[in-house]
Each structure stands twice: as C-alpha cells, then as structure tokens.
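Engineer: I am attaching a structure below and will ask some questions about it afterwards.
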Amino acid sequence: MDWVAVGLKEDVPPGMVIPSRISDTELALWCTPSGRYHAWSDRCPHRGMRLSHGFVRGDTLACIYHGWQYNEAGSCEYIPAHPKLTPPDTICVPTYACAEAGGVIWVSLAGTDMPLPVLGGRVPIRSLQISLSAPDLAAHFGAHSFTTIAVVSDHEALLAVQPCTDRTCMVHALAAPDADRKVVSRWLEDLRATLEGVPS
Amino acid sequence: MNAAIDNHWYPVAMISGIDAPRETLLLGKKISLGREDGTCWVLDASGAELPTVERFGHLWTSPGQPNRDLFTIPEADSPGRRLVDVGSVKVKCSPLRAVENFLDIAHFPFVHTDILGAEPHTEVDRYDVKIREEVDEVWATKVKFYQPQAAKSAAGGITTEYMYRVPAPTCSVLYKTCPPRPGEWDVITLFVQPLTEEWCEVWPWMALYDDESTMSEMVSFQQLIFMQDRSILENQLPRKLPLDPGMEVPTQADMTSVAYRRWLKKIGYTYGAQLVAA
Ligand code: FES
Ligand SMILES: [Fe+2]
Numbered sequence: 000m001d002w003v004a005v006g007l008k009e010d011v012p013p014g015m016v017i018p019s020r021i022s023d024t025e026l027a028l029w030c031t032p033s034g035r036y037h038a039w040s041d042r043c044p045h046r047g048m049r050l051s052h053g054f055v056r057g058d059t060l061a062c063i064y065h066g067w068q069y070n071e072a073g074s075c076e077y078i079p080a081h082p083k084l085t086p087p088d089t090i091c092v093p094t095y096a097c098a099e100a101g102g103v104i105w106v107s108l109a110g111t112d113m114p115l116p117v118l119g120g121r122v123p124i125r126s127l128q129i130s131l132s133a134p135d136l137a138a139h140f141g142a143h144s145f146t147t148i149a150v151v152s153d154h155e156a157l158l159a160v161q162p163c164t165d166r167t168c169m170v171h172a173l174a175a176p177d178a179d180r181k182v183v184s185r186w187l188e189d190l191r192a193t194l195e196g197v198p199s
Numbered sequence: 000m001n002a003a004i005d006n007h008w009y010p011v012a013m014i015s016g017i018d019a020p021r022e023t024l025l026l027g028k029k030i031s032l033g034r035e036d037g038t039c040w041v042l043d044a045s046g047a048e049l050p051t052v053e054r055f056g057h058l059w060t061s062p063g064q065p066n067r068d069l070f071t072i073p074e075a076d077s078p079g080r081r082l083v084d085v086g087s088v089k090v091k092c093s094p095l096r097a098v099e100n101f102l103d104i105a106h107f108p109f110v111h112t113d114i115l116g117a118e119p120h121t122e123v124d125r126y127d128v129k130i131r132e133e134v135d136e137v138w139a140t141k142v143k144f145y146q147p148q149a150a151k152s153a154a155g156g157i158t159t160e161y162m163y164r165v166p167a168p169t170c171s172v173l174y175k176t177c178p179p180r181p182g183e184w185d186v187i188t189l190f191v192q193p194l195t196e197e198w199c200e201v202w203p204w205m206a207l208y209d210d211e212s213t214m215s216e217m218v219s220f221q222q223l224i225f226m227q228d229r230s231i232l233e234n235q236l237p238r239k240l241p242l243d244p245g246m247e248v249p250t251q252a253d254m255t256s257v258a259y260r261r262w263l264k265k266i267g268y269t270y271g272a273q274l275v276a277a
C-alpha cells in the first residue's frame, strides 16, 4: 500500500500528539522531543481511551486516562498504578510505518517497500478539507491512484490526498518554495468550491 | 422485554428539578414524567403508568416488575449531613462505562490532577473486592489513595480511604473518609439513567458532613470533577463496555472493574455492553 499524507510537520511539533485518520483507521500521530514521528492506532489497550488525548513524556507517549506509557515501539513500559511492575511484552499498541518528508508526515498502514514520494523541492502550503471522497477527487484530475500525489498544472502544485470518510478527504497542498503562498491558497479554495459544486 | 434489564429501578429525574411535565428516554424508549400535588408520576410511551419511588433526591421508575425494593443507603439518613443534588450531565457513552469510571481510582492523578490525585502519588495498593452474594452487590473495601484535595472541605493533602458499592447495574455508592469528621464516611453516589446503550444521563448525589462550604460550592466542586470524567468517557473505544476478556487489559488496580464486569455478565445485564470482540 502507498504512503498517505496524514498531516503537515508543523501540525505535530516535537512533544505533541494529534488525532488523524486514514479512512476508518483512526490514528494518534506524535513526535518525540528529538523529532521522530510515530503513527499508532488511536486506542489505549488498557481501557480503550484515545491516545491522541494523551501526552508525550520523554520518548514515550502516555495515555491521559491512567498514564500508561508506551515506548517508541508501542510497548507499554510503565504503569503508574504499579510503579514496581515491569509490564508484560504483550501490552502494546498497533503501530504503522510513519516518516516525514518534505514537511509532510506520511503513513503506510500495511507497511511498504516503496520510497517516500518525491516532492521536487516543494514546500507545504496548507491543508484543506474537501467534501468529496478521495477517489472522486483523484478522478477529477484523471489520476489513477488517490493516495499518492496528484500533479496539477497550476502553480506546479502537488496535492497529497488523505482519505477521511466516504464523503470527505483532506488535501495537503505543496508548491515551489518561491510560489506566492496567498495565491496558491486562494487557488486551492477556488478548487474546493469547484469540486464541491459551490459557486465561488 | 428482557427481565434481567427491565426489572431494575432507574433514576429519571432530580425531584427538585421537576417543574413542567417532560419527556425523556429510558433504555431507548420514550417516557414522560411530571409532578402533581407533590407526587411524581411516570408514563410509558403508550400512556400506561409506571411504578415510582422518590428517594435520595431523585425520582426512580422501572419499565418492568422490579423483584426487589430500591437499594437503601442507611448512612445517608444519619443526622447532620447535607444532602446535595448535583444536577445532571448527559454523556455520550454506555451507562456501564460511566459506572466503571466512577469505580476507578487509578485515573485520579491524570484526570483530576491536583484535586483527587497528583503525581508521583500514583500507586494503587491492593484492596479487597467481593461480590456479596447475600445482597447481590459488588463491594470494594480498604481502597486507599493519596489526595491533594479530597473534598471541598479538605484543607490539604491526605490519604483517603474509600469503599465502593454497586447495588444496581447503573448505580454506584462511594463512601470516603470525611475530612472534618474522622471515623465517619461521606457518601457520594452516581445514579445513571440509561437513555440508550451509548448515551446516558448521570445524576450524582451526595450526603456529606460539611458545615463550611456553601451548597453551590459543593455542587461546583462535584461538577468540575465530573466534567473532567466526561472528557474521558466520550473518548473511549468502543463506546459500549466490553464484558468479555480480551479487548482490554486489566491490572490489579482494576479489580473492582473486573468484578463489576463479571457480575454484570452473571446477572445477564447486557444493556450498554459489548459482548463480542469488535
Ligand atoms: S485507558 Fe489508557 S492508561 Fe488506562
Ligand atoms: Fe473521575
């Protein structure tokens, strides 16, 4: 399976965790203080609390409910209610392949051998939610794959498409470093209006 | 009809809050309630009268034929206590998740930070848990926990002792050390009205020894605590409470929750429960 953009680097500064998703798979996206990114299933194995509500402490992600701490491999290494206990290896959070490239965070749910997308030196402009499914959006540009990037003629922009629900997707737009951000941003809003059938 | 679910008493209103007749949901079905000449009434969707009990500041009813009286809280009748109607909070979670959270102390340092708990005082010592067969209730005793501000009336940090009791599937009574009166127990209850399997209305009620705080201070204290709990309850997955082992990982600190789930399963209480792994 392809790499899917799940957020921009600036959305997840070091020491932060945020929720994200790829279709029905809900993700907790977090960054260690030293800048390593992780994408996990957004559910704590203890009592099912969303890990995206948790907090980063050192190189671990802690759940907000009872403070269980998970190391970067997703294994539970500390249970505050039982400080002297070494948690069994069986307590772990499902993790997904995750990497940062070109200011975008990429996740592959099934794991992949494919290299990260080539962005040609472009930089992120902004993310925008669009009320259209990812396949429909791809079809609009005649692209065959919606998870990878649709290349668009205008502003040499690249769109990294994140499928969210049956009717919505998130578009992460990138453009050349010298592009006028305001112009690209405006173009993106017009694009959304066209795609959603709303007069702009 | 499912007798194991219907034949219980359920809280449906705070008596002091009933002015005009109104509708609400009980176990997914519409009911209406009101008060006339000082007596409360409840009707089901077809207009048939349902049994009522007025107790602990709340109105109780049942869609079935309860085979026993509403549980009692003898301590709450002792003189000198202030009876506090806290009001209600609607929560998008299973009624059983709301009760289970109330039985849990390990979350205090993280969810009620600097009030009911604080790091590094996170350890939960072993306590006793039992299903008391003679009364068919779940009890946890000798539960001890360090608290920075155990109650509105507490001046500073103390180790609080707790007892928890589940006298009905969607109700819990908590007895806790009472800061101004060592040797006595404050009573704090959580009465949960199952609106649907994934939506509930929570009616906390308290019988406290506290001569200092005003009523509104005691109410706000409890409401603040419950708002913190709600931010958890609406973000647990799945929304229903898994009764079968496997989906979640309990530890020794969770013995009360383990007993509660086991008891629900034993009495066949499946409303708001997740039975097969999703
Ligand atoms: S639910 Fe995450 S630590 Fe308890
Ligand atoms: Fe709580």
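Which chain is which? The protein sequence lines are A and B, in order. If you count by numbering that gives the first Met the number 0, then the first sequence holds residues 0 to 199, one letter each, in order. If you count by numbering that gives the first Met the number 0, then the second sequence holds residues 0 to 277, one letter each, in order. Idealized CB from N, CA, C, for every residue including glycine. Since the structure is predicted, the reported quantities are computational estimates derived from the model, not experimental observations.
Run the proximity test for residue 100(B): is its beta-carbon closer than 8 Å to any non-hydrogen atom belonging to ligand 2?
Structural biologist: Because some heavy atom of ligand 2 lies under 8 Å away, the Cβ of residue 100(B) counts as near it: yes.
Engineer: Indicate, with yes or no, if ligand 1 has a heavy atom lying under 8 Å from the CB of residue 64(A).
Structural biologist: At least one heavy atom of ligand 1 is nearer than 8 Å to the Cβ of residue 64(A), so yes.
Engineer: Thinking just about the alpha-carbon of each residue, which of 200(B), 183(B), 155(B) is nearest to the one in residue 162(B)?
Structural biologist: When each option's Cα is compared against that of residue 162(B), the closest is 183(B).
Engineer: Can you pull out the residues from the segment 31-45 of chain A whose beta carbon lies closer than 7 Å to at least one beta carbon of chain B?
Structural biologist: Correct list: 42, 44, 45.
Engineer: Leaving aside the five residues before and after residue 17(B) along the sequence, list all residues of the same chain whose C-beta is less than 8 Å from its C-beta, in chain order.
Structural biologist: Contacts found: 32, 33, 34, 39, 58.
Engineer: Identify the continuous beta strand (DSSP E) that holds residue 162(A) and give its terminal residues.
Structural biologist: Element bounds for residue 162(A): 157-162.
Engineer: At which residues does the alpha helix (DSSP H) containing residue 109(B) begin and terminate?
Structural biologist: Note, residue 109(B): alpha helix (DSSP H), 107-110.
Engineer: Does the segment 210-223 of chain B touch the segment 58-76 of chain B, meaning 3 or more C-beta pairs lie closer than 8 Å?
Structural biologist: No, the segment 58-76 of chain B does not touch the segment 210-223 of chain B.
Engineer: For ligand 1, I want to know if residue 56(A) counts as a neighbour, meaning its beta carbon is within less than 8 Å of at least one of the ligand's heavy atoms.
Structural biologist: It does not: the Cβ of residue 56(A) is nowhere closer than 8 Å to a heavy atom of ligand 1.
Engineer: Of all the CB atoms in chain B, is at least one closer than 9 Å to the CB of residue 48(A)?
Structural biologist: It does; some Cβ of chain B falls within 9 Å.
Engineer: For the segment 57-87 of chain B, which segments carrying the beta strand (DSSP E) assignment without a break, of at least 3 residues, lie completely within its bounds, in sequence order?
Structural biologist: Counting whole runs of 3 or more residues, the segment 57-87 of chain B contains the beta strand (DSSP E) stretches 57-60, 81-84.
Engineer: Please state whether DSSP places residue 186(A) in a helix, a strand or coil.
Structural biologist: DSSP places residue 186(A) in helix when its eight states are reduced to three.
Engineer: Counting along the chain, where does the beta strand (DSSP E) carrying residue 127(A) start and finish?
Structural biologist: Looking at the DSSP string, the run of the beta strand (DSSP E) that includes residue 127(A) is 122-129.
Engineer: Measuring alpha carbon to alpha carbon, tell me which of 203(B), 244(B), 189(B), 115(B) ends up nearest residue 157(B).
Structural biologist: Among 203(B), 244(B), 189(B), 115(B), the Cα nearest to that of residue 157(B) belongs to 115(B).
Engineer: Going by the C-beta, is residue 173(B) closer than 8 Å to any heavy atom of ligand 2?
Structural biologist: Incorrect: residue 173(B) has no Cβ contact closer than 8 Å to ligand 2.
Engineer: Does DSSP put residue 266(B) in a helix, a strand or coil?
Structural biologist: Note: residue 266(B) maps to coil in three-state DSSP.
Engineer: If we ignore side chains and look at the alpha-carbon of each, how far apart do residue 13(A) and residue 70(A) end up?
Structural biologist: Distance between the alpha carbons of residue 13(A) and residue 70(A) is about 15 Å.
Engineer: Roughly how many whole angstroms lie between the Cα atoms of residue 10(A) and residue 53(A)?
Structural biologist: Distance between the alpha carbons of residue 10(A) and residue 53(A) is about 16 Å.
Engineer: Please confirm whether any heavy atom of ligand 2 lies closer than 8 Å to the CB of residue 224(B).
Structural biologist: Checking the Cβ of residue 224(B) against ligand 2 gives yes.
Engineer: Give me, in chain order, the residues of the same chain whose beta-carbon lies closer than 6 Å to that of residue 160(B); leave out the 5 immediate sequence neighbours on both sides.
Structural biologist: Closer than 6 Å at the Cβ level, and outside the excluded window around residue 160(B), lie 143, 176.
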